[in-house]
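To start, the structure itself, in structure tokens.
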Amino acid sequence: MRAVVEIRNLTVAFDELVVLENIDLTITKGEFVILIGPSGCGKSTLLRVIPGVIPGMIEACVKGTVQVTGQHPLDLPAGTLDVVLQEKALLPWRTAFGNVQLGLEILGKRQPKKEPEDILESVGLGGSKDIFPRKLSGGMKQRVALASALATEPQILLMDEPLGALDALTREEMWTLLAKIHQEKPDMTIILVTHHIEEAAVLGDRIIIMVGYPDKGYPSVIAEEVKVNVPRPRISARGAIAPGCLDIANIVRAIIHEKGGRRND
Amino acid sequence: MTRKRLRILIPFVTLLVLFFGCQLVHEIPGLPRIISFVFPKPSLILKDLWQNWPWLLRHLKVTLFEALCGFGIAVILGVALALSYLFVPTLERVIVPLAIAVRNVPFVAIAPILFILLGYGPLPKIIIVMIVTFFPVMSNLSAGFSSVSLNLQERFYIYRATRWQLFTKLQLPAAVPYFVTGLEIGISNIVIAAIVGELLGTKAGMGFVILQTVSQYRIPLLMATVLVTTLASVAITTLSKWSTCLLFRRWLQQF
């Protein structure tokens, strides 16, 4: 498979604080990759390097090479990537429909393959298109954010703890939705940052485990990669997680404990 | 009785109680004359108000003209300054300290200079109102521009949005509630600023009326003047609140 993201020997530092060190990562087209690790280990930093937010918007010292669809992140054409963030990702003065249209408006896509109404419908919000974000629940807001990102038809979808603020049941509903999207869009690469181990095992094709405590002087590195060879669907209609995923989750947990236990050093 | 009716009725009832309460105080036998001189009967105040209404109205118009002109210029100046350092961030280091300095100069001290330069007409008072009110407009608008979350800015960056798209689709709508608050703070001071300007030197306006009534010890008319200016100030503030709510409803309601 063709690599869409190629990161070689990446080191990222904010002034004196080295957050990432010698990161090597290759992500292929259509893969659902999870970045997992303890809080503050630099998962979000790595995610922000891919679209060029670091160093293009947030100043940092970046060494190494990063190639996204064969190009430097700062040279990427608009619309190659889109992002779903944990919170405050919607414009409060726009309706759900208006938020879905935002990316299309900025990118100047007048005739998208799928209309915003249909995209809202596909994330289960067909009847909520005229509702403003403040009247939406946490789960609905994240569905709108997801629909907004899907509307631009990105090649790579970046997600930074999009389900972090949701309750357990809503989170499980979102797992099913994300799995469905991954199935329906096999060419779209998804990179999701989470610290929820079961979520990683249920959603990912591959889990990248990051360890390190940059604030304590230990820059983060990729400790290990775990392939999730569990057939989909991995979660039942009643929310039961496939036993294979639970096994993977236990393996990931063990690796994090074993290789990430430097916090008290 | 509905909650809405109660909300309207309560201030009226309070005013009536105050009116008759003050009126009754004056009926207390042996009340020192100084009290009735300094705090005249409400009925006397209303009588003077009725008799001098055309004169008061003429001067009120002058004060309102100065206040509203000054505020209008303050809004234009505040918006222009906030926009200038949004688009040219290095200007912030020049504009903000200067604006703070101008805002904090006691206008009692600069008023004589303004009068010497511009005469005793409305212009110096307009400038005083502008000095008092441009700062909340500028600083609030600027705070609104900066209030945009980093997450949203990142999205716009990922879309490779132009500077204009970032401004029109993100920073400007996000700043609307802050701008409205700045307008409310500013407008609540305009009448008082105009009157203080007039007190320092004038031939017309409510400040002139106050100077006249005080020098002639016409306390009921002075109170009537105070009543008129207060009502005018409340009316302007309320009208401004309604109009901004109406104008910016789309943005204000959704936060």
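Protein chains in written order, with the working numbering: chain P, 5 to 269; chain Y, -7 to 247. Here a beta-carbon is modelled for each residue, glycine too, at the ideal position from N, C-alpha and C.
The shortest CA-to-CA distance from P:Arg147 to any of P:Ala100, P:Pro190 and P:Arg242 is the one to P:Ala100. If you draw a straight line from the Cα of P:Ala93 to the Cα of Y:Ile68, it comes to about 32 Å. As summarised for the stretch 159 to 184 of chain Y, the continuous alpha helix (DSSP H) elements at least 4 residues long and confined to that stretch are 164 to 179, given in chain order. The way I'd put it, the stretch 174 to 189 of chain P does touch the stretch 228 to 240 of chain P; three or more beta-carbon pairs between them come closer than 8 Å.
Cβ-Cβ distances below 7 Å link Y:Asn181 to Val124 and Thr125 in the same chain, with the five nearest sequence neighbours on each side left out; the list follows chain order. Taken in chain order, the stretch 208 to 235 of chain Y contains no complete beta strand (DSSP E) segment of 3 residues or longer. Cβ proximity to chain P below 8 Å picks out Phe148, Tyr149, Ile150, Tyr151, Arg152, Ala153, Gln157, Lys161 and Leu162 from the stretch 148 to 162 of chain Y.
In the DSSP assignment, P:Phe36 falls outside any alpha helix (DSSP H) and within the unbroken beta strand (DSSP E) covering Phe36 to Ile40. In terms of beta-carbon proximity, P:Met61 lines the interface with chain Y, with at least one pair separated by less than 7 Å. Shown in chain order are the members of the stretch 34 to 61 of chain P whose Cβ falls below 9 Å from a Cβ of chain Y: Arg52, Pro55, Gly56, Val57, Gly60 and Met61.
DSSP places Y:Tyr77 inside the alpha helix (DSSP H), whose first and last residues are Pro34 to Phe79. Taking 7 Å as the threshold, the shortest C-beta distance from Y:Asn132 to chain P does not fall below it. Contact with chain P is absent for Y:Trp234, since none of that chain's Cβ atoms lies less than 7 Å from the residue's Cβ. Residue environment for Y:Cys237: exposed (fewer than 16 other C-beta atoms within 10 angstroms of its C-beta).
In this structure, DSSP gives P:Arg52 a helical state, which the three-state scheme calls helix. With respect to the 7 Å criterion, P:Ile38 and P:Ala172 are not classified as neighbours on the basis of their beta carbons.
Rounded to the nearest whole angstrom, the CA to CA distance from P:Lys263 to P:Gln159 is 33 Å. Near chain P, meaning a CB-to-CB distance below 8 Å, no residue of the stretch 37 to 71 of chain Y qualifies.
Interface annotation for the stretch 76 to 109 of chain Y against chain P: empty, criterion Cβ-Cβ distance under 9 Å. Put simply, of P:Asp28, P:Leu21, P:Glu10 and P:Phe36 the residue whose alpha carbon is nearest the alpha carbon of P:Asp191 is P:Phe36.
Nearest C-alpha to P:Leu95 among Y:Val226, Y:Leu164 and Y:Gln204: Y:Leu164. By the C-beta density criterion, Y:Pro169 is buried, having at least 16 other C-beta atoms within 10 angstroms.
Rounded to the nearest angstrom, the Cβ distance from P:Ala169 to P:Glu91 is 6 Å, consistent with a contact under 8 Å. Contact with chain P is found for Y:Pro165, since one of that chain's Cβ atoms lies less than 7 Å from the residue's Cβ. Per DSSP, P:Arg12 lies in no alpha helix (DSSP H); the unbroken beta strand (DSSP E) holding it starts and ends at Ala7 to Phe18. For P:Thr174, the three-state secondary structure derived from DSSP is helix.
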